[in-house]
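K.L.:
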Amino acid sequence: MKIAIIGAGAIGGYVGVKLALAGEDVTFIVRGANLDAIRRNGMKLIMHDGNEHTATNVKATNNYAEAGPQDMVILAMKAHQVEAVAGELAKLFGPDTTVVTMQNGIPYWYFHKHGGPLEGNQVHSVDPTGILLEKIPPQRVIGCVVYPASELVAPGVIRHIEGDRFPVGELDGTASERVTRISECFSRAGFKAPVLENIRSEIWLKLWGNLTFNPISSLAHSTLEDICQYPLSRELAASMMREAQEVAHKLGIEFRVTLEKRIAGAEKVGKHKTSMLQDIEAGRAPEIDALVGSVVELGRLTQTPTPHIDTVYALVKLLARTMEAENGPVRLRLAA
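So the sequence shown is numbered by numbering that gives the first Met the number 0: it starts at 0 and just counts up by one.
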């Protein structure tokens, strides 16, 4: 398949190398040092077991028109970074191009083919201007949930930490030919990419932890283990998760693990800094609205009180605002 990956950061780089090594035609849309490094040396992947792989058969460009129409476009950046590239994506679209969204949190397309009274609603916290719905038509989208952890350790170099699961699904739950083709493509590259009937349930399962542990860790400068082992923060996380669970239930979502098991899973990760805390410490714009603000918004839509989530959301938004006031506009790095 002809595949364009927007961004060659931690996840985009990992996915791109594996797909290229499996024989796919991969183009990275990147900028700056990453662009130069990939053009010179290809993209290098250091696996968790120490094995190293370099994909030298990849292309890299910062020109969308040069890349041209693709079979698949993978959006491999954080949710708040997508708007900046949305206007360029049409240059990658052919008649049958699919877009695989790899963002954490509630996606902009959440209510497309959702069914029920909220069908067609816009998620304003994620897509306030509607540009994402306009420029990235949900009809092209295949949902994807990202479970692996990796990091960009140098331009053109990715270190894989753990995980290989990328569940995918059509927004209407059908097992279409195109989602099956994408699942098979990912499988050939060594990923576990089952086709799910309800991709939204899987999105909520991951979000359940992200919407709690990310902002709490950012505010308290603490790791997952710290949060889970300190009784006050563990109970705060549980309270936020109970509120989110009630919102999700009203949207027809059932969680396949218990709340306590989800917290225990986070605790087992150990002394890990969440991505939001890493962003705060590095002076980057934190990913707040897709992870937390969207749940506040869906709480309002479903008339579900979310007082603990509201409080934490207000505090972490204030933290981001304070950073910007003290340091100038926080860097909106496009995973490049």
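Ideal Cβ positions, reconstructed from N, Cα and C, are used throughout, including at glycine.
Quantities reported herein were computed from a predicted structural model and do not represent experimental measurements.
#1: My output table needs one value for P94: the three-state DSSP class, helix, strand or coil.
#2: Scan the stretch 22 to 59 and note each continuous beta strand (DSSP E) run of 3 residues or more that stays entirely inside, going in chain order.
#3: Taking the Cβ atom as the reference point for each residue, do K205 and N326 lie within a distance shorter than 8 Å?
#4: Residues in the same chain with beta-carbon distance under 6 Å from W203, minus the five sequence neighbours each way, listed in chain order, please.
#5: Between the stretch 275 to 286 and the stretch 211 to 219, do three or more beta carbon pairs fall short of 8 Å?
#6: Alpha carbon to alpha carbon, how far is P304 from M239?
#7: Out of curiosity, what's the CA-to-CA distance linking E133 and H111?
#8: Run through DSSP, which three-state label would H159 get?
#9: According to DSSP, what are the bridge partners of M71?
#10: Quick one: what's got a C-beta closer than 6 Å to V268's C-beta in the same chain, skipping five residues either side?
#11: Taking the DSSP output, what are the residues bridged to A153?
#12: The beta strand (DSSP E) spanning G168 covers which residue range?
#13: Do I4 and V14 count as a contact pair if the criterion is CB distance below 8 Å?
#14: As a quick exercise: from P137, E245, S149, R187, pick the residue whose alpha carbon is nearest that of G168.
#15: Quick check on this structure: which residue in I308, R283, P285 has the alpha carbon closest to the alpha carbon of V295?
#16: Measuring alpha carbon to alpha carbon, tell me which of S149, R38, A89, I105 ends up nearest V57.
#17: Are three or more beta carbon pairs between the stretch 189 to 204 and the stretch 123 to 130 nearer than 8 Å?
#18: The beta strand (DSSP E) with I135 in it runs from where to where?
P.N.:
Let me lay it out:
#1: DSSP places P94 in strand when its eight states are reduced to three.
#2: The beta strand (DSSP E) runs lying completely inside the stretch 22 to 59 and spanning 3 residues or more are 24 to 28, 42 to 45, 51 to 54, given in chain order.
#3: No, these two residues do not count as a Cβ contact at 8 Å.
#4: Answer for W203: A247, I252, listed in chain order.
#5: Contact between the stretch 275 to 286 and the stretch 211 to 219 is present, with at least three C-beta pairs closer than 8 Å.
#6: Approximately 11 Å, taken between the alpha carbons.
#7: For E133 and H111, the distance between alpha carbons rounds to 13 Å.
#8: Of the three classes helix, strand and coil, the one that applies to H159 here is strand, per DSSP.
#9: For M71, which the question treats as bridged, DSSP gives the partners I2, T97.
#10: Within the same chain, V268 has close Cβ partners L223.
#11: Per DSSP, V156.
#12: In the DSSP assignment, G168 falls within the beta strand (DSSP E) that extends over 167 to 169.
#13: In this structure, the beta-carbon distance from V14 to I4 falls below 8 Å.
#14: Comparing Cα positions, the closest option is P137.
#15: Ranking I308, R283, P285 by CA distance to the CA of V295 puts I308 first.
#16: With distances taken between CA atoms, V57 lies nearest to R38 out of S149, R38, A89, I105.
#17: The stretch 189 to 204 vs the stretch 123 to 130: no contact.
#18: Where I135 is concerned, there is no enclosing beta strand (DSSP E), given that its DSSP letter is neither H nor E.
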